[in-house]
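Top to bottom, those sequences are chains A and B. Quick note: the first sequence, position 29, residue 817 per the numbering used here, numbers continuous. Quick note: the second sequence, position 79, residue 81 per the numbering used here, numbers continuous. We put the CB at the ideal spot given by N, CA and C, even for glycine. Step one of this worksheet: look at the structure below.
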Amino acid sequence: MSFLVNIIAALIGDAASDRVVPSAGTSARLTVFASAAMAFLAVFALALSLAAGRVAARWSEDLARNSTIRIAAPMAEIEAEVATVLTVLAQTPGVVSAREVSMEEQRALLEPWFGAGMPIEFLPLPRIIDVTESPEGYDVEGLRLRLSAEAPNAILDDHETWRSALIAAAGRLRVMGYVALALIFGATVAMVTLAAQAALSANVQVIRVLRLVGARDAYIAGAFVRRFALRSLIGGGIGTFSGGVAILLFPDQASAESFVVGLGFVGAEWLWLLIIPLLIAFVAFQATKAAAFRVLRGMP
Amino acid sequence: MQQITASGIYARRLPELGFCVIELQDVSYGYGHGSDLILSQMSLRLAKGSFHFLTGPSGAGKTTFLKLCYGELCPNAGHVRLMGQDSATMARDDLALARQRIGVVHQDCQFLDHLDVAQNIALPLYVSGREITEAERRNLTQLVNWVDLRHRATALPPELSGGERQRAALARAIIRDPDVILADEPTGNVDWDMAMRQLRLLVELNRLGKAVLVATHDLAFIRAAKKQVAARVLRIVGGKLQLAGADL
Chain A
789 MSFLVNIIAA
799 LIGDAASDRV
809 VPSAGTSARL
819 TVFASAAMAF
829 LAVFALALSL
839 AAGRVAARWS
849 EDLARNSTIR
859 IAAPMAEIEA
869 EVATVLTVLA
879 QTPGVVSARE
889 VSMEEQRALL
899 EPWFGAGMPI
909 EFLPLPRIID
919 VTESPEGYDV
929 EGLRLRLSAE
939 APNAILDDHE
949 TWRSALIAAA
959 GRLRVMGYVA
969 LALIFGATVA
979 MVTLAAQAAL
989 SANVQVIRVL
999 RLVGARDAYI
1009 AGAFVRRFAL
1019 RSLIGGGIGT
1029 FSGGVAILLF
1039 PDQASAESFV
1049 VGLGFVGAEW
1059 LWLLIIPLLI
1069 AFVAFQATKA
1079 AAFRVLRGMP
Chain B
3 MQQITASGIY
13 ARRLPELGFC
23 VIELQDVSYG
33 YGHGSDLILS
43 QMSLRLAKGS
53 FHFLTGPSGA
63 GKTTFLKLCY
73 GELCPNAGHV
83 RLMGQDSATM
93 ARDDLALARQ
103 RIGVVHQDCQ
113 FLDHLDVAQN
123 IALPLYVSGR
133 EITEAERRNL
143 TQLVNWVDLR
153 HRATALPPEL
163 SGGERQRAAL
173 ARAIIRDPDV
183 ILADEPTGNV
193 DWDMAMRQLR
203 LLVELNRLGK
213 AVLVATHDLA
223 FIRAAKKQVA
233 ARVLRIVGGK
243 LQLAGADL
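Shown next as structure tokens:
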């Protein structure tokens, strides 16, 4: 709590302290711009991370409760095997429903690859049964054994293999988003440090005079820290607002079902946008403070 | 002459007259490693109420000596004690606090060019990090008037003449009622009348109990001062500190 109070006090500062250090000029203005750019990028990195998290959760949930049985039997036996499989599934605990995927649905699934109007009736396509599980699921191995005995051409696919790969991919995407966020804040530290060092170097004579008349390091550093932290806060606010507006202008998620249009914030996730400018200002505060004390330690 | 009174910002009085505020003990100093020493084996005690002149030819090391006295330089050998603390081992904040008790008139004045004259004079008050009191404001006005800069109070330092800069520097050095006043060639850019006014101010401050050390090569100024105050005159010769002869 006292840490926060110290930061707020340092940001508010006093007018006299601000007056004795001349305006930091270009470096301070560049800090506003750099902070705005970093905040804008941070909004997108955060949106990416959150969207990846949502996608991973959705894929995991949807696929975990669905499985399919593919029956590729000779034409003479296929109807009987489909009926057998449906009967077996009806008797299997943990299976909520099972239905055969219709020819029309199969056509829709193949349309992206074969184009519209493809006479798939003449293709030796397997029959597919869509199985919906209860939250507790069913005994996969038990079902597999029973199917091999009663419908040898039926192959159970519980999506485990590619579900794991998809979830892993989404998880990595989320980590990438967080890494991007960390890099953005790291770059902010570097830029603010450079700008602060430039301002400090330009004011070495001022700092020397202040030291000679009895100013303490914290007083001198405070004037620079306050200036850069406030400018970063302003820049961060502008960048975050712009990033938020850009995210809002993305196509509505309900209108299309792809990952890209899912990039955005949902509900309370928007509150993260309040934190970004504060984090940028905090990072600038610490970076300037470190740079200022490093310069001051080298002075008598 | 108007009375310049203590501001009372830090209401700390030295315990007794004669308390040593700055002490140099066997101090040697040379710029850079392995270079010849400019100052060698110097010892001096600046006690409260003392008045010293430091003289010597140009380049003798007068300014270096003063820098050692306010901790801008640390000696290569020996000890410099500011308010009883060794300047080489003092914490930076303690050094800053010690400097608040030392008023320095630099040869080149060293102003902040973006602040006006009054603000530059008030700089030691600003850096205290607190609001300036009404009494301090009155003192500031009084001081600006005394150094005859009332009409220049809002001017920026580059607009001042050499003499005006020197007067402003003296005003800044004493605005915070320091215990010691160190002046480096304070009469370098002023006419004789202004030099005498500055001398009267220094003498008056000395009578208020402040230690004064003035580095100057102006022997006429020293002789005039000795008529008003019991001052010791030190001379730097060949890197050594000597008591000046009877001619001074």
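Residue-level contact to chain B via CB, residue i, 8 Å cutoff
{"i": "A:Val829", "result": "Checking the displayed sequence, the identity of residue 829 of chain A turns out to be Leu instead of Val. No, because no Cβ of chain B sits closer than 8 Å to the Cβ of A:Leu829."}
{"i": "A:Ala1034", "result": "no"}
{"i": "A:Val992", "result": "no"}
{"i": "A:Val997", "result": "yes"}
{"i": "A:Val1001", "result": "yes"}
{"i": "A:Ala1080", "result": "no"}
{"i": "A:Val1071", "result": "no"}
{"i": "A:Val808", "result": "yes"}
{"i": "A:Arg817", "result": "no"}
{"i": "A:Arg1004", "result": "yes"}
{"i": "A:Tyr966", "result": "no"}
{"i": "A:Ala1044", "result": "In this prediction, A:Ala1044 scores a pLDDT of 46, lower than 50, which makes its location untrustworthy; the coordinate-derived value is nonetheless stated afterwards. No, no contact with chain B."}
{"i": "A:Pro1065", "result": "no"}
{"i": "A:Pro1088", "result": "yes"}
Closer than 8 Å to chain A by CB, residue i
{"i": "B:Ile87", "result": "Looking at the sequence provided, one finds Gln at residue 87 of chain B rather than Ile. Answer no: the Cβ-Cβ gap between B:Gln87 and chain A never drops below 8 Å."}
{"i": "B:His116", "result": "yes"}
{"i": "B:Gly211", "result": "no"}
{"i": "B:Arg199", "result": "no"}
{"i": "B:Arg101", "result": "yes"}
{"i": "B:Ser9", "result": "Below a pLDDT of 50, predicted positions are generally treated as unreliable, and B:Ser9, at 32, falls in that range; the measurement from the model is reported next regardless. So no, B:Ser9 is outside the interface."}
{"i": "B:Glu206", "result": "no"}
{"i": "B:Ala13", "result": "Low local confidence applies: a pLDDT of 34 at B:Ala13 is under 50, so the model's placement there is unreliable, with the coordinate-based value given in what follows. Taking Cβ atoms only, chain A never reaches closer than 8 Å to B:Ala13, which makes this a no."}
{"i": "B:Tyr128", "result": "yes"}
{"i": "B:Gly34", "result": "no"}
{"i": "B:Val146", "result": "no"}
{"i": "B:Leu16", "result": "Note that B:Leu16 has pLDDT 39, beneath the 50 cutoff, so the model's placement of it is unreliable and the number below is only indicative. B:Leu16 does not count as touching chain A."}
{"i": "B:Val23", "result": "no"}
{"i": "B:Val235", "result": "no"}
{"i": "B:Ala98", "result": "yes"}
{"i": "B:Gln230", "result": "no"}
{"i": "B:Gln168", "result": "no"}
{"i": "B:Gly240", "result": "no"}
{"i": "B:Gly63", "result": "no"}
{"i": "B:Gly80", "result": "no"}
{"i": "B:Glu74", "result": "yes"}
{"i": "B:Gly51", "result": "no"}
Closest by C-alpha distance to residue i, when choosing among the options
{"i": "B:Phe67", "options": "B:Ser45, B:Phe53, B:Gln87, B:Met85", "result": "B:Ser45"}
{"i": "B:Leu210", "options": "B:Ser52, B:Tyr31, B:His81, B:Cys22", "result": "B:Ser52"}
{"i": "A:Phe989", "options": "A:Val876, A:Ser823, A:Ala1079", "result": "Reading off the sequence, residue 989 of chain A comes out as Ser, not Phe. A:Ser989 has its Cα closest to that of A:Ala1079, out of A:Val876, A:Ser823, A:Ala1079."}
{"i": "A:Arg951", "options": "A:Pro940, A:Glu849, A:Phe821, A:Val1054", "result": "A:Glu849"}
{"i": "A:Ala827", "options": "A:Gly1086, A:Arg1082, A:Ile1063, A:Thr1076", "result": "A:Ile1063"}
{"i": "B:Leu84", "options": "B:Leu117, B:Val129, B:Val182, B:Gln244", "result": "B:Val182"}
{"i": "A:Thr814", "options": "A:Glu909, A:Val980, A:Phe1029", "result": "A:Val980"}
{"i": "A:Arg887", "options": "A:Leu913, A:Ser855, A:Ala1072, A:Phe821", "result": "A:Ser855"}
{"i": "A:Ala844", "options": "A:Arg853, A:Ala957, A:Leu1037", "result": "A:Ala957"}
{"i": "A:Val876", "options": "A:Leu1000, A:Val928, A:Pro1088", "result": "A:Val928"}
{"i": "A:Pro907", "options": "A:Glu892, A:Gly1086, A:Thr920", "result": "A:Glu892"}
{"i": "A:Ser1030", "options": "A:Ser811, A:Ala816, A:Phe821", "result": "A:Phe821"}
{"i": "B:Glu166", "options": "B:Glu138, B:Cys111, B:Leu127", "result": "B:Cys111"}
{"i": "A:Val1033", "options": "A:Leu829, A:Thr819, A:Ser811", "result": "A:Leu829"}
{"i": "A:Thr1076", "options": "A:Met1087, A:Pro881, A:Phe1012", "result": "A:Phe1012"}
{"i": "B:Glu74", "options": "A:Ala868, A:Val1001, A:Arg932", "result": "A:Val1001"}
{"i": "A:Leu931", "options": "A:Gly1052, A:Ala983, A:Thr872", "result": "A:Thr872"}
{"i": "B:Ser60", "options": "B:Ala226, B:Arg132, B:Ile238", "result": "B:Ile238"}
Test: residue i CB closer than 8 Å to a CB of chain C
{"i": "B:Asp95", "result": "This model lacks chain C altogether, as its protein chains are A and B."}
Integer Cβ distance of residue i from residue j, believed to fall under 8 Å
{"i": "A:Arg1015", "j": "A:Ser823", "result": "In fact, because the Cβ distance is near 13 Å, the residues do not count as touching under 8 Å."}
{"i": "A:Asn991", "j": "A:Val809", "result": "6 Å"}
{"i": "B:Thr251", "j": "B:Ala246", "result": "Within the shown structure, residues of chain B are numbered from 3 to 250, placing residue 251 of chain B beyond reach of any answer."}
{"i": "A:Val919", "j": "A:Ile866", "result": "Not confirmed; about 18 Å, so no contact."}
{"i": "A:Arg1004", "j": "B:Ala98", "result": "4 Å"}
{"i": "A:Leu998", "j": "B:Val129", "result": "6 Å"}
I'd like to know if the region 210-222 of chain B and the region 187-196 of chain B are in contact, where contact means that at least 3 CB-CB pairs between them fall below 8 Å.
yes
Per the contact definition of three or more C-beta pairs closer than 8 Å, is the region 824-840 of chain A in contact with the region 1054-1067 of chain A?
yes
Whole alpha helix (DSSP H) elements within the region 21-92 of chain B, 4-residue minimum
64-71
Three or more C-beta pairs closer than 8 Å, one from the region 940-950 of chain A and one from the region 853-866 of chain A: is that the case here?
yes
Contiguous alpha helix (DSSP H) assignments of at least 4 residues, all confined to the region 935-1004 of chain A
948-990, 992-1000
The region 52-63 of chain B contacting the region 227-246 of chain B, beta-carbon criterion three pairs below 8 Å
yes
How about the region 1067-1079 of chain A and the region 1019-1034 of chain A: do they share at least three Cβ pairs that are nearer than 8 Å?
yes
Does the count of Cβ pairs from the region 115-126 of chain B and the region 140-153 of chain B closer than 8 Å reach three?
yes
Completely contained alpha helix (DSSP H) runs for the region 876-918 of chain A, where each covers 4 or more residues
891-902
Please confirm if the region 967-978 of chain A is in contact with the region 72-87 of chain B, defined as three or more CB-CB distances below 8 Å between the two stretches.
no
Of all the alpha helix (DSSP H) runs that stay within the bounds of the region 183-210 of chain B, which reach a length of 4 or more residues?
194-209
May I have a chain-ordered list of the alpha helix (DSSP H) segments no shorter than 4 residues that lie completely inside the region 835-880 of chain A?
863-878
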